[in-house]
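Asks: Handing you a structure now.
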Amino acid sequence: MTLTTQDIPSLLDTLESKLRQQIASRNLHNPLMIGIHSGGAWIAEHMHKRLNIEEPLGLIDISFYRDDFSQIGMHPKIKPSQLPAHLEGRDIILIDDVFYTGRTVRAALNEIFDYGRPNQVLLAVLIERDGRQIPLRPDCCACNIQMQPGQRIKLTGPEPLSIHIQSFDHAA
1 MTLTTQDIPS LLDTLESKLR QQIASRNLHN PLMIGIHSGG AWIAEHMHKR LNIEEPLGLI
61 DISFYRDDFS QIGMHPKIKP SQLPAHLEGR DIILIDDVFY TGRTVRAALN EIFDYGRPNQ
121 VLLAVLIERD GRQIPLRPDC CACNIQMQPG QRIKLTGPEP LSIHIQSFDH AA
């Protein structure tokens, strides 16, 4: 499957539909939606509006929680997380743009649990691609894609949202 920017409205519709199904089947009560900076935050803004979530949108920057932080060093665009002081017992919808290895989600969960133990966390992503390295999987996604070695998918935004498939050389 080849994705383009023209697919974004359809992908957002699909994700909204799947989220509605999951919210109902898991009986999420007054959920808090959290978007992972930056692409996940953009998707979360769309879903937050479409689903009429009452609680303010939470935003999370997992830069300090990454397991490769010592390898990549300080990221120049770190944004503060905007979360309620306590997440204890809350139903949470965690949103990201692209699910790849699982490491970003693992880092986000670590930060969320530092704020308290939620009742449950529903993970929703716009795109799930091959390459999982950690035993995590989204509860719902708008599409699954297989990519060639050396390819990367990137969402840019926030307005307009655009999808870019990038290729890089492993030898570089």
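Sequence positions in the sequence shown follow full-length UniProt numbering and run 1 to 172.
Positions of the beta carbon are idealized from the N, C-alpha and C atoms, including for glycine.
Predicted model, so just to flag it, every value in this text is computed and none were measured.
Take HIS37 as the anchor and find which of THR101, ILE95, GLN120 has the nearest alpha-carbon.
Replies: To locate residue 37, count along the sequence shown from 1; it is residue 37. Out of THR101, ILE95, GLN120, ILE95 has the C-alpha closest to the C-alpha of HIS37.
Asks: Which whole-angstrom value describes the C-beta separation of LEU57 and CYS140, a residue pair presumed to lie in contact below a C-beta threshold of 8 Å?
Replies: As a first step, residue 57 is located in the sequence shown; it is residue number 57 there, counting from the start. As a first step, residue 140 is located in the sequence shown; it is residue number 140 there, counting from the start. No, LEU57 and CYS140 are not in contact; Cβ-Cβ is about 18 Å, not under 8 Å.
Asks: Ordered along the chain, which non-local residues of its own chain (more than five positions away) have a Cβ less than 7 Å from that of residue 211?
Replies: Since the first and last residues shown for the chain are 1 and 172, residue 211 lies out of range.
Asks: Grab me the residues of GLY89's own chain with a C-beta within less than 6 Å of its C-beta, minus the 5 sequence neighbours each way, in chain order.
Replies: In the sequence shown, counting from the first residue as 1, residue 89 sits at position 89. Contacts found: ASN119.
Asks: Quick check on ALA41: buried or exposed, where buried means 16 or more other Cβ atoms within 10 Å of its Cβ?
Replies: Here residue 41 refers to the residue found at position 41 of the sequence shown. It counts as buried.
Asks: With 16 other CB atoms within 10 Å as the buried threshold, where does THR104 fall?
Replies: As a first step, residue 104 must be located in the sequence shown, where it is residue number 104. Classification for THR104: buried.
Asks: Just to confirm, is the Cβ distance from GLN22 to LEU136 under 7 Å?
Replies: Taking the first residue of the sequence shown as position 1, residue 22 is located at position 22. Taking the first residue of the sequence shown as position 1, residue 136 is located at position 136. Their beta carbons are not under 7 Å apart, which means GLN22 does not touch LEU136 by this criterion.
Asks: Looking only at its own chain, which residues have a Cβ that is under 6 Å from the Cβ of GLY35, when we skip the five neighbours before and after it?
Replies: Working through the sequence shown from its first residue, we reach residue 35 at position 35. So the list reads ALA41, ALA44, LEU59, ILE95, once near-sequence residues are dropped.
Asks: According to DSSP, what are the bridge partners of GLU128?
Replies: Here residue 128 corresponds to residue number 128 of the sequence shown, with the count starting at 1. Answer is PHE99, ASN144, bridged to GLU128.
Asks: So LEU59 is in the beta strand (DSSP E); what residue range does that whole segment cover?
Replies: The residue you call residue 59 lines up with position 59 of the sequence shown. Its beta strand (DSSP E) spans residues 58-60.
Asks: Taking the alpha-carbon positions, what's the LEU83 to GLU111 distance?
Replies: Taking the sequence shown and counting its residues from 1, the one referred to as residue 83 is at position 83. Taking the sequence shown and counting its residues from 1, the one referred to as residue 111 is at position 111. In a straight line, the C-alpha of LEU83 is about 10 Å away from that of GLU111.
Asks: Using a Cβ-Cβ cutoff of less than 8 Å, which residues in the same chain neighbour ALA108 once the five nearest sequence positions on both sides are dropped?
Replies: Along the sequence shown, one-based indexing puts residue 108 at 108. The residues are ILE34, ILE36, ILE60, ILE62, TYR65, LEU94, ASP96.
Asks: Quick check on ILE134: buried or exposed, where buried means 16 or more other Cβ atoms within 10 Å of its Cβ?
Replies: Taking the sequence shown and counting its residues from 1, one reaches residue 134 at position 134. Its Cβ having fewer than 16 others within 10 Å, ILE134 is exposed.
Asks: Near LEU161, which residues of its chain fall below 7 Å by C-beta distance, leaving aside the five closest residues on each side in sequence?
Replies: As a first step, residue 161 is located in the sequence shown; it is residue number 161 there, counting from the start. Same-chain partners within the cutoff: ILE8, TRP42, LEU155.
Asks: Take HIS86 and list the residues in its own chain whose beta-carbon comes closer than 7 Å to its own, dropping the five residues that flank it on each side.
Replies: On the sequence shown, position 86 is the one that residue 86 refers to. Excluding positions up to five away in sequence, the list reads TYR115, GLY116.
Asks: Tell me GLY35's beta-bridge partners as DSSP assigns them.
Replies: Reading the sequence shown from its first residue, position 35 is the one you call residue 35. LEU59, ILE95.
Asks: Please report how far the alpha carbon of GLN6 lies from the alpha carbon of HIS164, in whole angstroms.
Replies: Residue numbering aside, residue 6 sits at position 6 when the sequence shown is read from its first letter. Residue numbering aside, residue 164 sits at position 164 when the sequence shown is read from its first letter. In a straight line, the C-alpha of GLN6 is about 11 Å away from that of HIS164.
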